[in-house]
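> This is the structure I want to talk about, given as structure tokens.
Protein chains: 2
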Amino acid sequence: MQPKTAHSARALRSQGALAVLRYVHAHPAATRADASRALGLSSGSATEITSRLKASRLVGEDLPPRTGGRGRPSPVLTAHPDGPLVCVVDISHEAWRVAAVELGGGVLAESDGRHTGSPEVVGLLAGHVAALHARYGRRLRAVSACVAGTVSGTTVVQASGMGWRDVSLEALKPAGIPLLVGNDASLAGLAEARRGAGAGSRVVLHLTVEVGVGGILVVDGRPVDGATGAGGEFGHMPFGDPALECPCGARGCWDLEVDGRAMSRALHRPPPRDPRTAAAEILASSSPEAREAVAGAARALGRGMGALVNALDPDVVTLSGLATDLAAAAPEALSGAYTAALMRYRRADPPPVRPSTLGPRGPLAGGADAAFDVLLTEDGLDAWSRA
Amino acid sequence: MQPKTAHSARALRSQGALAVLRYVHAHPAATRADASRALGLSSGSATEITSRLKASRLVGEDLPPRTGGRGRPSPVLTAHPDGPLVCVVDISHEAWRVAAVELGGGVLAESDGRHTGSPEVVGLLAGHVAALHARYGRRLRAVSACVAGTVSGTTVVQASGMGWRDVSLEALKPAGIPLLVGNDASLAGLAEARRGAGAGSRVVLHLTVEVGVGGILVVDGRPVDGATGAGGEFGHMPFGDPALECPCGARGCWDLEVDGRAMSRALHRPPPRDPRTAAAEILASSSPEAREAVAGAARALGRGMGALVNALDPDVVTLSGLATDLAAAAPEALSGAYTAALMRYRRADPPPVRPSTLGPRGPLAGGADAAFDVLLTEDGLDAWSRA
DNA sequence: CGCATTATGCTCGTGCAACGAGCATAAACG
DNA sequence: CGTTTATGCTCGTTGCACGAGCATAATGCG
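Residue numbers (our numbering), protein chains in the order written: chain A, 1 to 387; chain B, 1001 to 1387.
In structure tokens form, the structure reads like this:
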């Protein structure tokens, strides 16, 4: 199970092109000279590789903008106007979004709406995917779904926010096109690590709170998402009250301590039907009880964050969703619990905690990145070239 | 922070050789034909690559053993008799071991002894390393230390079993040779994942109990060991009693629930000076109190195991050290707690739990693997070729 | 306005590694 | 001892990156 290195002639053939493609995807609006420098390519190689990529409709070159600098301007590498696309389907607790995304993350088409939480929405979304497929034809190379729930393979095994259990998303898959399914928090973390608040750090721990906690560890730009894609379900570690049973079937889940359900419980209210808006309401309230409920959730978040930092040793922690709001509303509660949970040696210089820079577009960006990770491989390029 | 692909001519030039070298290291006693088939090399390429590797004193070829099969026998690829070596220093709670290891894991020289737990042992071990360096000269390419404690960079920031705090191991580093330091449980897990009970699985979670719990997640043969090498310190997640303070400074650490300290506590005994032998004694006892203490530790182990499986989604869990003994002594307690801690959807088909196959040699094997990971790179090969 | 400066892209000859067909070699089998 | 099976070696071919030298396209200054 050693990492396989490229060694076959076939593999070697595409390495340079792949490196440039990945660079273009990761750095939209980079010039050809930027890419050559970053990848250590000679100008001759750059010419050859870009001409190959242009010929196979993978990248285009735009005339350079006036930078004001001296010297010959370098053309900007962009997604090819007839280049590959991925379709991203983002299913959050109450809303959905379907988008066609090109290399570099540009969105060509987008639609969205709200839903009731019924799994029937999958059929509706399949229609949107099919419409994009009809519109873009063979340019559409993958479908990537981001779901607010626990994912195993292409099935949503549990989604507390929507009450789903064992909902397959295979219906989203047009024939002949790969379907990827991932947790929204994990995918948001992937994007955050590569392009957002974690950019530049090698090991990024991302945490999101919406209904429950989710997240992901991203190492060298690769998500540590386990055998079936369920890696990053940190919400089902027993950092909480062992007396509470989680909808997942386990007890004491961290999930139950940090969201609208937890804050409602702290206020002796009945379990809210919609934990997300309950949380927003409590966060907006200035009553001492509400503030204490918020502080309690922030402490629970900080405690678990510290535990995960002990175990996973990230360079940086990034937060999104309600976690950002908790950090803003009760910063001392959060950081106090975080520090107290850390091993002593870490306390002098703990990993910094940063709010998301991508915000609610994180899952979509991450879903697109995950799909392009599959396309920007030897096999993906081969398949593209044959068509 | 995308993974860098090989694209420069220099990188391409060494890819084939690297692939073969890694294969030889991972599969000692493989024949040249095995390697060609596994890597998809044509026989011409195999000839060229092996002759290059032989010329640069990296691999040797032994005459084939009589396999009894038909056809022309294929020579066995071995470590070159003048090939690169790594020095592995294994520091456990009471013992140490220093070994010179060649490609493939063969041990050329080994010495061991016991120590009192004082950090002064580092000076003694530095002497042994220096002796190996003097004996093997430039063949010695790296020193890899495995320590029973929390590691950050090349410093042992905390070792509960030995009472160390902030002990630097830089003294082990001969001039001009890289020093790697890792946690013994993490390195044992690396070896277990690649060559032991986890071989063949893509995502392996390894857990060891000695004094406290340690482990590692290994994905595609790469250890997920964080920014500073402290990743895998699962023992300092608060799965335990929040009233108990851990020597690490945090509260409720899992560390305190599964080892000789935990079992002594359950028996209302004072904290043992040597938790490892206390555990052995309690495990050997047949009194109902002792068995219940063992079962309690097994339950705590199972509970945390389940939590980590929820969060990390491994294909398989491997156990070593005292964890294996707990699993053998109280299998129902362990598996019951494990299953109960899993999210419901996992319970039908949970990741299998397997005992170590490498046993106490795991850390040494893992330390050697970690060092060869550094040597079997373009840079490492370049450095070797220049000398 | 035109030339120097700066920066980049293109052309083309060279080198390296892998490929693959054909041939040589080394065992086991009958 | 020839056949079968399996492997290694030779050598011409291919594809990619390199790098030196030249061409090109902007800025800036007199």
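All C-beta atoms, glycine included, are put in the ideal place defined by N, C-alpha and C. Predicted model, so just to flag it, every value in this text is computed and none were measured.
Output, in chain order, the set of chain B residues within a Cβ distance shorter than 9 angstroms of S152/A.
Counted from its first residue, the first sequence places residue 152/A at position 152. The answer, in chain order, is D1313, Y1345 and R1346.
> Along chain A, in chain order, which residues have C-beta atoms closer than 8 angstroms to that of E1233/B?
Numbered from its first residue, the second sequence carries residue 1233/B at position 233. Those within 8 angstroms of E1233/B in chain A are N310, A311, D313 and M343.
> Less than 7 angstroms between CB atoms is the rule here; does T377/A satisfy it with respect to chain B?
Within the first sequence, numbered from 1, the residue matching residue 377/A stands at position 377. Closer than 7 angstroms: no.
> For a test of the three-state rule: what should DSSP assign to S1152/B, helix, strand or coil?
On the second sequence, position 152 is the one that residue 1152/B refers to. The answer is strand: DSSP assigns S1152/B an E or B state.
> For R1303/B, return the contacting residues in chain A, with the cut-off set at a CB-CB distance below 8 angstroms.
Looking up residue 1303/B in the second sequence gives position 303. Simply P238.
> Measuring alpha carbon to alpha carbon, tell me which residue in V203/A, E233/A and P247/A is nearest P1314/B.
Taking the first residue of the second sequence as 1, we reach residue 1314/B at position 314. Of V203/A, E233/A and P247/A, the residue nearest in Cα terms is E233/A.
> Return the chain-ordered ranges of every alpha helix (DSSP H) run that is complete within the stretch 1156–1215 of chain B and spans a minimum of 4 residues.
Those alpha helix (DSSP H) runs which fall completely within the stretch 1156–1215 of chain B and span 4+ residues are 1184–1195.
> Is there contact between the stretch 1133–1149 of chain B and the stretch 1181–1196 of chain B, where contact requires at least three CB pairs shorter than 8 angstroms?
Contact between the stretch 1133–1149 of chain B and the stretch 1181–1196 of chain B is present, because at least three Cβ pairs lie under 8 angstroms.
> Keeping to the same chain, check which residues put their C-beta closer than 7 angstroms to that of G1380/B; ignore five residues upstream and five downstream.
Numbered from 1 along the second sequence, position 380 holds the residue referred to as residue 1380/B. Cβ neighbours of G1380/B beyond the five flanking positions: V1374.
> So for D1369/B, helix, strand or coil by DSSP?
On the second sequence, position 369 is the one that residue 1369/B refers to. Three-state result, D1369/B: helix.
> Counting beta carbon pairs with one atom in the stretch 1066–1079 of chain B and one in the stretch 1150–1167 of chain B, are three or more of them shorter than 8 angstroms?
No contact exists between the stretch 1150–1167 of chain B and the stretch 1066–1079 of chain B.
> In three-state DSSP terms, what is K1004/B?
Mapped onto the second sequence, residue 1004/B falls at position 4. With a pLDDT of 41 at K1004/B, under the threshold of 50, the modelled position of this residue cannot be trusted, and the question is left open.
> In angstroms with no decimal places, state the Cα-to-Cα distance between M1/A and R1202/B.
Sequence index remark: in the first sequence, residue 1/A carries index 1 (1-based). Sequence index remark: in the second sequence, residue 1202/B carries index 202 (1-based). Any reading at M1/A is ruled out, since the residue's pLDDT is 38, under 50, leaving its predicted position unreliable.
> Note down, in chain order, every chain A residue with its Cβ under 9 angstroms from the Cβ of C1146/B.
Along the second sequence, read from residue 1 onward, the residue named residue 1146/B stands at position 146. Those do not exist, as C1146/B stays about 17 angstroms from chain A at its closest Cβ, beyond 9 angstroms.
> How many angstroms separate the CA atom of G1083/B from the CA atom of A1109/B?
In the second sequence, the residue the question calls residue 1083/B occupies position 83. In the second sequence, the residue the question calls residue 1109/B occupies position 109. Cα-Cα distance, rounded: 14 angstroms.
> Any Cβ of chain A within less than 7 angstroms of the Cβ of G1182/B?
If you number the second sequence from 1, residue 1182/B lands on position 182. No, G1182/B lies away from the interface with chain A (no Cβ there is under 7 angstroms from its Cβ).
> Buried or exposed: D382/A, going by 16 or more other Cβ atoms within 10 Å of its Cβ?
For the purposes of this step, residue 382/A is taken as residue 382 along the first sequence, with counting starting at 1. Exposed: under 16 other Cβ atoms inside 10 Å.
> Given Y1136/B, which residues of its chain have a CB within under 6 angstroms of its CB, disregarding the five upstream and five downstream residues?
Along the second sequence, read from residue 1 onward, the residue named residue 1136/B stands at position 136. L1085, listed in sequence order.
> Strictly under 7 angstroms for the Cβ-Cβ distance: is T1047/B near chain A by that measure?
Along the second sequence, one-based indexing puts residue 1047/B at 47. It does not: the Cβ of T1047/B has no partner Cβ on chain A nearer than 7 angstroms.
> For the stretch 177–204 of chain A, which residues have a CB atom closer than 9 angstroms to at least one CB atom of chain B, in sequence order?
Answer in chain order: A193, R194, G198, A199, G200, S201, R202, V203 and V204.
> So that I know if they touch, is there some Cβ in chain A lying closer than 7 angstroms to that of V1088/B?
Numbered from 1 along the second sequence, position 88 holds the residue referred to as residue 1088/B. Not an interface residue.
> Name the chain B residues that come within less than 8 angstroms of T357/A, Cβ to Cβ?
The residue given as residue 357/A occupies position 357 in the first sequence. Ordered by position in chain B, no residue passes the 8 angstroms Cβ test against T357/A, which lies about 15 angstroms from the chain.
> Return the residue from the list A230/A, G231/A and E257/A that minimises the CA-CA distance to P242/A.
Within the first sequence, numbered from 1, the residue matching residue 242/A stands at position 242. The shortest C-alpha separation from P242/A is found at E257/A.
> Who are the near neighbours of A323/A in its chain, counting only those whose CB is closer than 7 angstroms to its CB and skipping five residues on each side?
In the first sequence, the residue the question calls residue 323/A occupies position 323. Excluding positions up to five away in sequence, the list reads L207, T208, V209 and L301.
> If we define contact as Cβ-Cβ less than 7 angstroms, is A1250/B a contact residue for chain A?
Translated into positions along the second sequence, residue 1250/B becomes position 250. Answer yes: the Cβ-Cβ gap between A1250/B and chain A drops below 7 angstroms somewhere.
> Counting along the chain, where does the alpha helix (DSSP H) carrying E378/A start and finish?
What you label residue 378/A is simply residue 378 of the first sequence in a count that begins at 1. Note, E378/A: alpha helix (DSSP H), E378 to R386.
> Applying the criterion that 16 or more other CB atoms from any shown protein chain within 10 Å of the CB defines a buried residue, is L1063/B buried or exposed?
Indexing the second sequence from 1 puts residue 1063/B at position 63. Under this definition L1063/B is an exposed residue.
> Could you have a look at A1142/B and say whether DSSP puts it in helix, strand or coil?
Translated into the one-based positions of the second sequence, residue 1142/B becomes position 142. DSSP places A1142/B in strand when its eight states are reduced to three.
> Is Q2/A close to chain B? Criterion is C-beta to C-beta, closer than 7 angstroms.
Translated into positions along the first sequence, residue 2/A becomes position 2. Because the pLDDT at Q2/A is just 37, under 50, the model does not fix this residue reliably, and the point stays unresolved.
> On the CB-based measure, 16 or more other CB atoms within 10 Å of its CB, does E192/A come out buried or exposed?
As a first step, residue 192/A must be located in the first sequence, where it is residue number 192. Under this definition E192/A is a buried residue.
> Only counting runs of 3 or more residues, tell me where the beta strand (DSSP E) segments fall wholly within the stretch 216–294 of chain A, in order along the chain.
Runs found: none.
> For A29/A, decide whether its Cβ has a neighbour in chain B, counting only Cβ atoms nearer than 7 angstroms.
Within the first sequence, the letter at position 29 stands for residue 29/A. Not closer than 7 angstroms to any Cβ of chain B, the Cβ of A29/A fails to qualify, so no.
> In three-state terms, what does DSSP make of S1320/B?
Counting from one through the second sequence, the residue named residue 1320/B turns up at place 320. Looking at S1320/B - three-state DSSP - the assignment turns out to be strand.
> So the alpha helix (DSSP H) A1055/B belongs to, where does it begin and stop?
The sequence position of residue 1055/B within the second sequence is 55, counting from 1. Here the alpha helix (DSSP H) through A1055/B covers S1043 to A1055.
> Determine, for L1381/B, whether the minimum Cβ-Cβ distance to residues of chain A falls below 7 angstroms.
The residue you call residue 1381/B lines up with position 381 of the second sequence. Not closer than 7 angstroms to any Cβ of chain A, the Cβ of L1381/B fails to qualify, so no.
> Shortest alpha-carbon distance to K1173/B belongs to which of L1190/B, Q1158/B and L1132/B?
For this step, residue 1173/B is matched to residue 173 along the second sequence. That would be L1132/B, whose Cα lies nearest to the Cα of K1173/B.
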